[in-house]
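Below is one structure; the comments refer to it alone.
Protein chains: 2
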Amino acid sequence: MPAGRPREFDPDAALDRAVAVFWRQGYEGTTIPDLTAALGINRPSLYAAFGNKQSLFRKALARYSAGPAGFIPRALREPTARAVIETLLRSSVEMLSDPKHPRGCLVVQAALACGAESESVRKELEGLRASGVAAIRKRFERARREGDWPGDASPADMARYLATVLYGMAVQAAGGASRKELQAVAALARKVWPIKK
Amino acid sequence: MPAGRPREFDPDAALDRAVAVFWRQGYEGTTIPDLTAALGINRPSLYAAFGNKQSLFRKALARYSAGPAGFIPRALREPTARAVIETLLRSSVEMLSDPKHPRGCLVVQAALACGAESESVRKELEGLRASGVAAIRKRFERARREGDWPGDASPADMARYLATVLYGMAVQAAGGASRKELQAVAALARKVWPIKK
DNA sequence: GTTATTGTGTACCGTGTAGTACAATTATCC
DNA sequence: GGATAATTGTACTACACGGTACACAATAAC
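Chains U and A, in that order, are what the protein sequence lines are.
Just so it is clear: in the first sequence, position 168 is 177 by the working numbering, and no numbers are missing.
Just so it is clear: in the second sequence, position 104 is 113 by the working numbering, and no numbers are missing.
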C-alpha cells in the first residue's frame, strides 16, 4: 500500500460509470459535473485519478473496447467467414440492446456532432472505426485465401457493408429500437451472404 | 417594402449557411459565434431574423428536409417497391457524398451526442427519423396491397432495414467514405431484394 | 423636414464550463 | 511520535456560452 491518504473510491468502478455517462451523452455532451456526480467523487479527485476530460475519455474508450465492444475481436476469430458475419450481427444486436448499459454504441454515439474544439477526439474515434473495418476486411481476405469465400463481392466491400449495417443499427438502437426490431434488421442484412455455403 | 431600415443580408442565403454549419457540427457543437461568423451578420441581427438557437435550428431543419433531403419523398413516389429501394439507395449515396455540402446527413449528425439540456431537440430529431421510417413502411405496405411485393419480409422490417443502411451510410460518409465506397455498400444492400422481380 | 419604424453594432449580463490552488485530512515510513 | 506523501473538499480562476439592452443608422410615411 502506498504512502499517503488512501483513495476513497474504486478507480475501476468509477471508470465504468464514466463509460456509461459518455455512452449516454457523447463526449461534448458530458460535463465534468456530470462525471463527478455519476462517479460520486469531487473534481480534484477526478483530475488526480484520470487526468483531464480528454484523458478520461480515452481511458473510457479503452475500457469500452475491452469490455462491451470485446465481442468484435472475438467474432473475428470464428472459423469461417459466414460464422464471422453471423456472430458479428448477432452479438451486435445483443450488445446494442443490452439493458445492462446504455443503448447504442459509444464510438458511434460520440463520433458525430462534435464542435470544432474537440477535433482530436473526433479523429481518434474515426481512426477507431476505420481500424474496425480494416480488421473485418483482413479477416475476409484471409477467408478468401483459404477458399472460404463465395466470390460475389470483394472482402473490402463486404467489410464496409457489414460495418455500415452495424453503424446503422447503433443509430437505431440509440433511437430506441427494440431487440426484436434489430434482430429483424440483422436477419435481412444476412441475406447478402449467398444462402447455404 | 416595409418601413424602417432595410435588412443588409438575404435571410434565405443566411439560412442555407446555417444549415451547412449545423450539418458539419451538429446542434450542440455549433455556437452562436460560429453562426454569426458563417452568416456574416452579428448577433442581434441573427436573433431578430431567426429567434434563438433552437428556433434557428428548427428552421434549418425544415430547409434541409425540403432541400437536400427532398429526394426521400420523391423516391417514395416511384411506381414499384423495387424502384423505391433502388432510387432511395442511389439518391442517398449521391446526397451523402455530394461535394456541394458537408458529408453525411444533418439529421443523423445532430441526433447523437446530445447533452441533457437539449433533450427537446433530440426528441424532435428522433421523431423525424421515425416518421421517415414510417413513410417507407407505408409505401411498402401499399406495394404489398398492390401485389408489388415478393413476400419474403414484412414491409415494416424491410423499411427498418433500409433506414438502417441509410443511417450507416450517413455515418460512413461523415467519417470520410468516398462515393465509390458508398456505392459498393448500396450495391450489397440491394441484394436483400429478390433478384429479378 | 419630422416622426415612426426597423436593422445594426457594441457592450454587456448571468450562467456554466474546464481546470486548479490550497488547506485540511489520513495514511505510511522511520 | 514526527516527517512525509497522497487524497479530499472548498473555493477560486479564466473563459466561452446563450441571450439582450441600448445607442445609432437608415429607410418609409406624413
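Ideal placement from N, C-alpha and C gives every residue a C-beta, glycine not left out.
The Cβ-Cβ distance between residue 58 of chain A and residue 11 of chain A does not fall below 7 Å. Every alpha helix (DSSP H) stretch that sits fully inside the segment 81 to 108 of chain U and reaches 4 residues is listed by chain position as 90 to 105. Against chain A, the CB of residue 176 of chain U has a partner CB under 7 Å away; the residue lies at that interface.
Pairing residue 176 of chain U with residue 139 of chain A, the inter-Cα distance amounts to about 17 Å. Taking 8 Å as the cut-off between beta carbons, the residues of the segment 190 to 206 of chain U near chain A are 190, 193, 194, 196, 197, 198, 200, 201, in sequence order.
Around the C-beta of residue 181 of chain U, 16 or more other C-beta atoms lie within 10 Å, and the residue is accordingly described as buried.
A direct Cα-Cα distance of roughly 22 Å separates residue 174 of chain A from residue 131 of chain U.
The Cβ atoms of residue 41 of chain U and residue 18 of chain U lie no closer than 7 Å to each other.
The C-beta of residue 28 of chain A comes no closer than 7 Å to any C-beta of chain U. With its beta carbon less than 7 Å from one in chain U, residue 166 of chain A belongs to the interface. Contact between the segment 65 to 72 of chain U and the segment 96 to 111 of chain U is absent: fewer than three C-beta pairs spanning the two stretches fall below 8 Å.
Across the structure, residue 33 of chain U and residue 189 of chain A are spaced so that their CA atoms are roughly 33 Å apart. Taking a Cβ-Cβ threshold of 9 Å, the residues of chain U close to residue 34 of chain A are 122, 123, 124, 125, in chain order. Boundaries of the alpha helix (DSSP H) harbouring residue 166 of chain A: 164 to 183, taken from the DSSP string. Every unbroken stretch of the alpha helix (DSSP H) spanning 4 or more residues and falling wholly within the segment 118 to 169 of chain U is given here in chain order: 128 to 154. Contacts between residue 183 of chain U and chain A, judged by CB atoms closer than 7 Å, involve 121 in chain order. The DSSP-derived three-state label of residue 187 of chain U is coil. For residue 47 of chain U, the enclosing alpha helix (DSSP H) starts and ends at 41 to 48. Nearest CB-CB separation between residue 170 of chain U and chain A: below the 7 Å threshold. Against chain U, a Cβ distance below 9 Å from residue 90 of chain A picks out nothing, because the smallest value is about 14 Å. Sequence-ordered contacts of the segment 138 to 150 of chain U with chain A read 138, 139 [C-beta pairs closer than 8 Å].
Residues of chain A whose Cβ lies closer than 7 Å to the Cβ of residue 162 of chain U are, in chain order, 197. For residue 11 of chain U, there is no enclosing alpha helix (DSSP H), as DSSP marks it with neither H nor E. Neighbours of residue 38 of chain A in chain U, taken as residues whose beta carbon is under 7 Å from its own, are 37, 122, 123, 124 in chain order. Rounded to whole angstroms, the gap between the alpha carbons of residue 35 of chain U and residue 160 of chain A is 40 Å. For residue 198 of chain U, same chain residues with a beta-carbon under 7 Å away, outside a window of 5 residues either side, are 98, 174 in chain order. With respect to the 7 Å criterion, residue 146 of chain A and residue 119 of chain A are not classified as neighbours on the basis of their beta carbons. For residue 96 of chain A, same chain residues with a beta-carbon under 6 Å away, outside a window of 5 residues either side, are 84, 87 in chain order. Taking the beta carbon of residue 173 of chain U as reference, the chain A residues within 7 Å of it are 174, 177, 178, 181, 194, listed in sequence order.
By the neighbour-count criterion, in which a residue is buried when 16 or more other Cβ atoms sit within 10 angstroms of its Cβ, residue 77 of chain A is buried. The Cβ-Cβ distance between residue 47 of chain U and residue 26 of chain U falls below 7 Å.
A direct Cα-to-Cα measurement between residue 72 of chain U and residue 141 of chain U gives close to 16 Å. Contact annotation: residue 112 of chain U and residue 183 of chain U have beta-carbon atoms nearer than 7 Å. Using a Cβ distance threshold of 7 Å, residue 152 of chain A and residue 193 of chain A do not count as a contacting pair. Residue 116 of chain U and residue 185 of chain U have their alpha carbons spaced roughly 17 Å apart.
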